[in-house]
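Worksheet: the structure to be examined is printed underneath.
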Amino acid sequence: MKNMFCTLDTFDTEFCADSVEWCPINFFKDIFVCGTYQLINDENLISNTSILSKRLGRIYLCQVLQNGNLKLLQKLEVPAILDMKWAHVICQKKILLGISNSLGYLQIYELKNNDKKKNLELIIQKKVSDEDEVLALSLDWCTGKLTNNNDFGTKIVVSDSKGFISLFEINENELNKINSWSAHEFEAWITAFDYWNINVIYSGGDDCKFQRIDTRIKNITLLNKVHGAGVTSIHSNATREFLLASGSYDEILRLWDTRNFKQPISNVKLDGGIWRLKWDPFERKYLFAACMYGGFRIIDCENTVTLSIIGEYNEHKSIAYGCDWSFLNSEEISEQIFKRKIENVFLTSTCSFYDHILKVSALYLNHE
């Protein structure tokens with residue numbers, strides 16, 4: 001398989017890295033965050049701390065400069081991070097980043113831009129559960145269709161380690177829980193909105209259940225156990241209605257028509273547990289997959305019936321957990337990063353766990 005990736009820069013996160021997310025907002029598309037999750041191994045420290053504070057994290061706020069070089073803008077010491085997502089649009093006149101952490105909090109940070117200095121500031125947080133020792137595992141914003149929510153409450157869905165799915169609404173500086181569902185018997189690894197109908201959310205858990213929840217009613221509306229192991233990744237396609245991707249520890253990528261929840265449209269084996277799936281932010285015909293022990297994969301999904309693995313990235317030496325696409329298009333990448341015209345180029349970031357490595361790469365998808 002032709003190597004379509006070119007590594008531009010590498011950064012040591014020191015703590016184990018598990019999440020990378022590019023900012024989708026205009027004028028800030030060269031910004032991304034990396035989150036980390038580190039277990040404390042010092043027995044003396046552990047004996048004086050609770051089970052949850054054994055997990056430490058950092059947020060790295062980074063900017064990509066000319067030639068793809070990384071600039072560290074900010075480093076925050078925080079509880080261990082399980083997931084991070086930017087709101088897809090400006091919400092209530094703010095650029096917002098949601099974080100789910102090991103203390104069971106949903107946290108909302110604002111990206112500030114004062115005196116040309118960019119930094120993240122925690123503006124609100126709320127525990128996702130009243131129970132002790134609950135980890136907040138994943139989150140999603142309802143804004144995937146890129147609709148502006150300045151005048152309305154923006155919704156966020158969060159999954160947790162007790163198997164619950166919780167729906168929150170953010171208004172000004174308040175974060176209110178609207179509802180929660182006991183959706184899974186074990187960890188609810190992933191939850192996601194249907195971007196075409198934000199009354200609908202999906203969830204996947206360690207119990208192999210893949211579920212559809214209509215938030216207007218109390219009960220789970222649809223459920224299947226097609227996946228052969230825990231369901232770990234779900235992403236709605238914001239360009240093609242009814243199209244949804246799911247990933248699992250069973251190493252199989254599945255595409256779904258959401259009108260038929262019994263069987264997927266198609267599937268392909270990726271040779272690694274699929275921890276994250278990301279549609280490209282433009283035509284949304286490519287999927288970027290973080291495949292744990294199998295590295296990273298690019299899948300062409302233009303033909304939803306016949307999926308094609310067209311690229312792989314194996315420069316990391318540990319578990320592939322985080323991957324994302326920059327929202328800069330080819331023209332912007334050519335102008336801002338390379339200072340010369342390049343066709344069909346994407347900017348990506350990837351991170352891996354035990355080797356605590358973050359990489360920024362150029363991806364060339366002119367694979368004809």
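According to full-length UniProt numbering, the sequence shown is numbered sequentially starting from 1.
Built from N, CA and C at the ideal position, the CB exists for glycine as well.
Where does residue i fall in DSSP's three states?
i    : result
E332 : helix
I95  : coil
G294 : coil
I90  : coil
Q211 : strand
F338 : helix
G68  : helix
K145 : coil
K262 : coil
K127 : strand
E368 : Low confidence applies to E368: its pLDDT is 47, below 50, so where it sits in the model is not reliable, and the reading given next is rough at best. In the structure shown, E368 sits in coil (DSSP, three-state: anything other than H, G, I, E or B).
K54  : helix
Would residue i pass as a contact of residue j if the rule is Cβ separation under 9 angstroms?
i    : j    : result
S159 : L139 : yes
L122 : L111 : no
I217 : S203 : no
E251 : I234 : no
S361 : G322 : no
G144 : E169 : no
F242 : R259 : yes
L363 : M4   : yes
L72  : F11  : yes
C261 : R212 : At residue 261 the sequence reads Phe, which differs from the Cys that was named. Yes; because the gap between Cβ atoms is below 9 angstroms, this pair is in contact.
D280 : F346 : yes
A290 : T350 : yes
At the level of alpha carbons, what is the spacing between residue i and residue j?
i    : j    : result
T7   : N197 : 37 angstroms
R276 : K341 : 31 angstroms
C91  : L358 : 29 angstroms
L223 : A192 : 15 angstroms
D30  : A17  : 20 angstroms
W181 : T36  : 28 angstroms
N366 : N171 : 43 angstroms
In terms of DSSP beta bridges, what is residue i paired with?
i           : result
residue 374 : In the structure as shown, the chain begins at 1 and stops at 368. Residue 374 is therefore absent and cannot be evaluated.
L358        : F11, C351
W22         : F32
Between residue i and residue j, how many whole angstroms is the CB-CB distance? I'm expecting something under 8 angstroms.
i   : j    : result
L56 : F15  : 7 angstroms
V64 : D324 : No, V64 and D324 are not in contact; Cβ-Cβ is about 12 angstroms, not under 8 angstroms.
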